[in-house]
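S.K.: What follows is a single structure, and I will ask about it in a moment.
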Amino acid sequence: MSPESRASGGIECGRETRESGAWEMRLRGVGRKVVKREGTFSKASRASPVFASCLGFNLDAEKPTRFHMDGAEFGHSVVQYGGSWVVVGAPKEIQATNQIGGLYKCGYHTGMCESISLQVPPEAVNMSLGLSLTATNPSWLLACGPTVHHICRENTYLTGLCFLLDSSFRQNQNFPAAQQGCPRQDQDIVFLIDGSGSITYTDFEKMLAFVKAVMSQLQQSSTRFSLMQFSHTFRTHFTFNDFISTSSPLRLLDFVNQLRGSTRTASAIKHVITELFTTQKGARKDATKILIVITDGRKEGDRLDYGDVIPMAEAAGIIRYAIGVGQAFYQAQSRQELKDIASSPSREYVFSVENFDALKDIQNQLKEKIFAIEGTETPSSSSFELEMSQEGFSAVFTPDGPVLGAVGSFGWSGGAFLYPPNTRPTFINMSQENVDMRDSYLGYSTAVAFWKGVHSLILGAPRHQHTGKVVIFTQEARHWRPKSEVRGTQIGSYFGASLCSVDMDRDDSTDLVLIGAPHYYEQTRGGQVSVCPVPGVGSRWQCEATLHGEQGHPWGRFGAALTVLGDVNGDDLADVAIGAPGEEESRGAVYIFHGASRLEISPSPSQRISASRIFPRLQYFGQSLSGGQDLTGDGLVDLAVGSKGHLLLLRTRPILRMSSTIQFTPTEISRSVFECQGQVTREQTLGTATVCLRTYESSKTQRGDLQSIVTFDLALDPGRLSPRAIFKETKTQALTKVRTLGLSSHCEPVTLLLPACVEDSVTPITLRLNFSLVGVPIPSLQNLQPMLAVDEQTYFTASLPFEKNCGADHICQDDLGIIFGFPDLKTLVVGSNLELSVAVTVTNDGEDSYGTTITLFYPVGLSFRRVAEAQVFLRTEDTQQWQQQGRHSLHLMCDSTPDRSQGIWSTSCSSRHVIFRGGSQMTFLVTFDVSPKAELGDRLLLRARVSSENGVPETRKTTFQLELPVKYAVYTVISSHDQFTKYLNFSASEKSRVSVVEHRFQVNNLGQRDLPVSINFRVPTELKGETVWTVMVSHPQNPSTQCYQNRLKPTQFDLLTHMQKSPVLDCSIADCLHFRCDIPSLGIQDELDFILKGNLSFGWISQTLQKKVLLVSEAEISFDTSVYSQLPGQEAFLRAQAKTTLEMYEVHNPVPLIVGSSVGGLLLLALITAVLYKAGFFKRQYKEMLAEANGQFASGNGNPNPQVTQQELPSPSSLNLPS
């Protein structure tokens, strides 16, 4: 057993004592709230078995043993003791008046918990016995109660008491042996009394009586008195030295006589400060200085003011009481003098009475206030030393004796007491390091570490600087000094609330210290445990890793309790348990972590045991832990877990491991079995596989009756869609067997069949064994069930290779060759040819080739697209011709990788698991994508290499390269613009007129590449020596364009014949100007406009004998055709024409038409007049009409209606006749 085991039960470690469910210890307060126990409990309660479903490794959480007691906070602390018992603390259980806390011993074999009776001294009031427990194995148990209430006057202090019990639970010794008395507070008190003439003799005597009474009440060994009287002068009646040198100090007052005179109070206070509170007069350096001033009125005749002397008193730390006697102090000004004299706040330090008889009424008030000064902080002393020490808040055994944590010592700075045998206790703290440890709670947790024969003490201070720290103390020259420390990182995390030292490899040296921070907060989980290797000499202490609980429990308090289990999985490394009592709404959980190496713990738990699965009504499960001992007699360590009102004992299950071997007979597959001719399908026997399993125990129970039910599954070629082999028993690729095995070896043979021809004869056939194990319950151990180790490998594989055809030397010497070509392609046009196909032929003139790989090297701009299935041919022996094999095509797999050093890519294609037989040839087609923007130069270089896994050196046949001319596809377009001169007409008289004619052309680059181009224009300018068009070219968009011109002669000379066929004037019949405009770079999507503009003459048209002629200018794009190629089918867009129609019209003379029309009109008028005359149109008939009318009137009988007649006859005036 390790030193930790010998010293402290080995395996019981620290826990977060401060919080455990409803139990809340107020470290600072003296008025602790005591919760009464609920219900009743019996002194012996039978354990009840619990059944729950809890999967994990490797504690049996399905059948734990549960002990339940009704004692208040039963389960707050637990410790394994003596190999048979679990001692449980119930720190809130009320035993009797002023006795709180109880102890129980619970046994697995008895199934009961019994109360442990102790003789608790009467001064151990409400001690909370059982709040902390620790034990050694097997002899000693230490049970502590750190809340002993000790009343001193008006104050209540908290100390502690621990009981040392032997193996029979008899009290052997108490620590400390006796409770400390009330603390002594040294006090130096000066009475400054008024002896002025305003005080009568009687009242002066009453004042002395008051002083004597107060001295009597306050007199103790730690208090000294001095007296000074003042008026206009000052008299010291006795000093502190006088007081301690006399046997009857009160008699010193009998010789005091009144001075009489004025009242110089301020000067008197100065004399007290400078003359009495000095070491020469007996004043003590660390004593509390108190000045009591008694006066009957305001100061008079004093050249000093209170503002001159009170700061001196403050600087000296003098507490001042001012007592005013008489009605003068009812005045505000006099009352203010008392306030000026007294300390602040004045309401606490000023007394005012009506007369000297009333002094006795304030006597008790003054006493209480001075007593209350004990415990207040002054510049020279702290408020508490050991009055609130709470010894036993944590405890641990060391080789030098027990160590009790005293968290409340020295203002809750904390520390620890070491109790060596037969020697006074040693107090261990950080006082000599000048470190601010206020409110640090040093000693909240304790642990002991062993390193190379030297033991160290580890103390936790979870409230140091609000983040916590842990300190390692070592003994040097009989003094304990801090050696190393490590600090927490998060405020309020309570880093150091629990500690656990771990000897991982059981070599009697501590390897790791686990430090709990149960209030470490993350959004999804609460608490963490730091894994800190023990620091070497002179090295800094650092924590290398942290352990966490399950996600989803932000208030889980993971790390509230820690313990070492021992080796529970049989890997010879210690394992630990960690409590998280706040998880699952304070139901709680316990985690098991396995050791990973001497300085590591596995970061993931092997098991999480939740209270809800064990017993739904559990609360704070995991608030205390203890492990490392075999309490059940099965040879395995057990874990005790404390919960509110419950103790649970979890047993370790036996751990089994399994090894396996698989042997094949024969050891390889014969060629006669797997080689097929054609597509013949037949079933043949491959051989036999013998599977052997051996089960053995990893744990150390040394039991030979362990059995298990093993289910093992066999699979041939797992992962393949079409397995190459099957089992004879099932006719499939799978076989399952179930066997009950003991701690021995078991072997079974299985027969393997080959159902069809094998294409992949390179990769061996794989046989995979996968097994599961279920332990058979052991009746002699109350059906404890063995289990398989969680890290055990549950599958094994073995391979059966194929026989190779490599001759007598068994070394395959292949003879590979490769060639390729570009079918139906003489030039690669980039941008037009989007794919490039390469026909590859590979031959093998040697022995079988394994892992044949064809690698193609090609420039950037090409990318591998696909490979077609390879066709395989065999050379016939008689004709030496290639004949295709009976099998189907060969599927190739290709991978592409860049070679950045050479700026190229390579694609490797392999037949993978197919053998490339000797005397074979395979052909296949590889297709590459050609990027339209690729820059391949003027020739494409493609290289190929064939290799294999046979290890044959390269030859000239294994590499091949070929070049292919390269051009680049372009798409340039020239077209005539819509806005140009399309039509002109003229008359014969306007042959000498000149008109401006304009032809516009537009050039576009619609391709994906820039290129240099030339734009050529051919324009008719002369016809038979007569000017046609004086034209110029303008190109305003591209200033870098340079244009050149030259003259072209016509190719035809018979003008009239040409015009009769087609009235078109172009460069075939006329003299022309040729303009060539060179564009250095025509960019992608560029658009350029060219304008041909000049004066057009019409005189030349008469030579054509045509009235309508077309004037045609031609434009054409040209480029380097050795580099570029217009897209197929788009060649017509390289040329364009612009046509202007010229038409001549005739002008007519209007004079002859006008004269002829006039003469003709006159003749026609004469003719019409003659006809009308002949017809009598021009005769006068008026007279005949009058005569005829008159005759009718004269022959009648009168006029019956003369008015009508007159109206019908026209009047003479209406005829316009002459008179």
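Under our numbering, residue 1212 is the last one in the sequence shown; the count climbs by one each step, no gaps.
From the three backbone atoms N, C-alpha and C, an ideal C-beta is built for every residue, glycine too.
Mind checking whether residue 70 and residue 125 have CB atoms under 7 Å apart?
M.R.: It is a contact, given that the beta carbons lie within the stated cut-off.
S.K.: Can you tell me where the alpha helix (DSSP H) holding residue 352 begins and where it ends?
M.R.: Residue 352 -> no alpha helix (DSSP H), and no H or E assigned at all.
S.K.: Helix, strand or coil for residue 700 per DSSP?
M.R.: Here residue 700 sits in coil by DSSP.
S.K.: In three-state DSSP terms, what is residue 6?
M.R.: It is a strand residue.
S.K.: Just to confirm, does residue 191 get its C-beta within under 6 Å of one of the non-hydrogen atoms of the ligand GTP?
M.R.: This structure does not include the ligand GTP; it has no bound ligands of any sort.
S.K.: Please report the straight-line C-alpha distance between residue 857 and residue 793, rounded to a whole angstrom.
M.R.: For residue 857 and residue 793, the distance between alpha carbons rounds to 36 Å.
S.K.: Helix, strand or coil for residue 294, going by three-state DSSP, please let me know.
M.R.: Looking at residue 294 - three-state DSSP - the assignment turns out to be coil, as it is neither helix nor strand.
S.K.: So residue 624 packs on residue 642, CB below 8 Å; how close in whole Å?
M.R.: Contact holds; Cβ gap of about 7 Å.
S.K.: So what's residue 77 in DSSP terms, helix, strand or just coil?
M.R.: Residue 77: coil per DSSP, three-state reduction.
S.K.: Since residue 609 is in the alpha helix (DSSP H), which residue starts that stretch and which ends it?
M.R.: Residue 609 -> no alpha helix (DSSP H), and no H or E assigned at all.
S.K.: Sort 309, 67, 379 by Cα distance to residue 178 and report the nearest one.
M.R.: That would be 379, whose Cα lies nearest to the Cα of residue 178.
S.K.: Under a Cβ-count criterion, where at least 16 other Cβ atoms within 10 Å of its own Cβ denotes burial, should residue 1164 be classed as buried or exposed?
M.R.: Label assigned to residue 1164: exposed.
S.K.: Between 453, 835, 528, 1091, which has its C-alpha nearest residue 912's C-alpha?
M.R.: For the residues 453, 835, 528, 1091, the minimum Cα distance to residue 912 belongs to 835.
S.K.: Could you tell me how far apart the beta carbons of residue 1070 and residue 1007 are, in whole angstroms, since I believe they sit closer than 8 Å?
M.R.: The pair is a contact, with the Cβ atoms about 7 Å apart (cut-off 8 Å).
S.K.: If you draw a straight line from the alpha carbon of residue 1083 to that of residue 1092, how long is it in whole angstroms?
M.R.: In a straight line, the C-alpha of residue 1083 is about 27 Å away from that of residue 1092.
S.K.: Please report the Cβ distance between residue 452 and residue 627, rounded to the nearest whole angstrom; I am assuming they are in contact, meaning their Cβ atoms lie under 8 Å.
M.R.: Their Cβ separation, rounded to whole angstroms, is 37 Å, which puts residue 452 and residue 627 out of contact at 8 Å.
S.K.: When you compare only the Cα positions, how much space is there between residue 75 and residue 217?
M.R.: Their Cα atoms are separated by approximately 55 Å.
S.K.: Is there a C-beta anywhere in chain C that falls below 7 Å from the one on residue 149?
M.R.: Although the question refers to chain C, the structure presented lacks it and comprises just one protein chain.
S.K.: Using 8 Å as the Cβ pair cut-off and three pairs as the minimum, do the region 203 to 219 and the region 180 to 195 touch?
M.R.: Result yes; three or more Cβ-Cβ pairs closer than 8 Å.
S.K.: Could you compute how far the alpha carbon of residue 456 sits from the alpha carbon of residue 424?
M.R.: Their Cα atoms are separated by approximately 17 Å.
S.K.: For residue 389 and residue 337, what's the separation of their Cα atoms in angstroms?
M.R.: Rounded to the nearest angstrom, the two C-alpha atoms are 46 Å apart.
S.K.: Which complete beta strand (DSSP E) runs does the region 228 to 316 hold, if anything under 3 residues is left out?
M.R.: Fully enclosed beta strand (DSSP E) runs of 3 or longer: 281 to 288.
S.K.: Going by Cα to Cα distance, which pick from 883, 851, 722 is closest to residue 865?
M.R.: When only C-alpha atoms are compared, the closest one is 883.
S.K.: Got a sec, what are the start and stop residues for the alpha helix (DSSP H) residue 1161 sits in?
M.R.: Per DSSP, residue 1161 belongs to the alpha helix (DSSP H) from 1144 to 1167.
S.K.: Take every Cβ of the region 823 to 837, pair it with every Cβ of the region 884 to 893, and state whether three or more of those distances are shorter than 8 Å.
M.R.: Counting Cβ pairs under 8 Å, fewer than three are found: no touch.
S.K.: Taking the alpha-carbon positions, what's the residue 1020 to residue 1081 distance?
M.R.: Going by the C-alpha atoms only, they are around 29 Å apart.
S.K.: How do the region 127 to 139 and the region 643 to 653 stand: do at least 3 beta-carbon pairs fall below 8 Å, yes or no?
M.R.: Flag = no, the region 127 to 139 and the region 643 to 653 do not touch.
S.K.: Are the region 716 to 724 and the region 745 to 762 touching, with three or more C-beta to C-beta distances below 8 Å?
M.R.: Contact between the region 716 to 724 and the region 745 to 762 is present, because at least three Cβ pairs lie under 8 Å.
S.K.: Do you know offhand how far residue 145's Cα is from residue 175's?
M.R.: C-alpha separation (whole angstroms): 5 Å.
S.K.: For the alpha helix (DSSP H) holding residue 1213, just list the boundary residues, first then last.
M.R.: Outside the shown range of the chain, which is -6 to 1212, sits residue 1213, and nothing can be said about it.
S.K.: By the three-class DSSP mapping on this structure, what secondary structure does residue 95 have?
M.R.: Residue state, collapsed to three classes: strand.
S.K.: Can you give me the C-alpha to C-alpha distance between residue 59 and residue 491, rounded to a whole angstrom?
M.R.: Going by the C-alpha atoms only, they are around 25 Å apart.
S.K.: For residue 902, which residues of its own chain have a beta-carbon under 6 Å away from its beta-carbon, when the five flanking residues on both sides are left out?
M.R.: Cβ neighbours of residue 902 beyond the five flanking positions: 847, 860, 885, 887.
S.K.: Going by other Cβ atoms of all chains shown within 10 Å of its Cβ, with 16 needed for buried, is residue 740 buried or exposed?
M.R.: Exposed: under 16 other Cβ atoms inside 10 Å.
S.K.: To the nearest angstrom, how far is it from the Cα of residue 290 to the Cα of residue 266?
M.R.: Roughly 21 Å separates the two Cα atoms.
S.K.: Please name the residue, chosen from 493, 499, 518, that lies closest to residue 509 on a Cα-to-Cα basis.
M.R.: Among 493, 499, 518, the Cα nearest to that of residue 509 belongs to 493.
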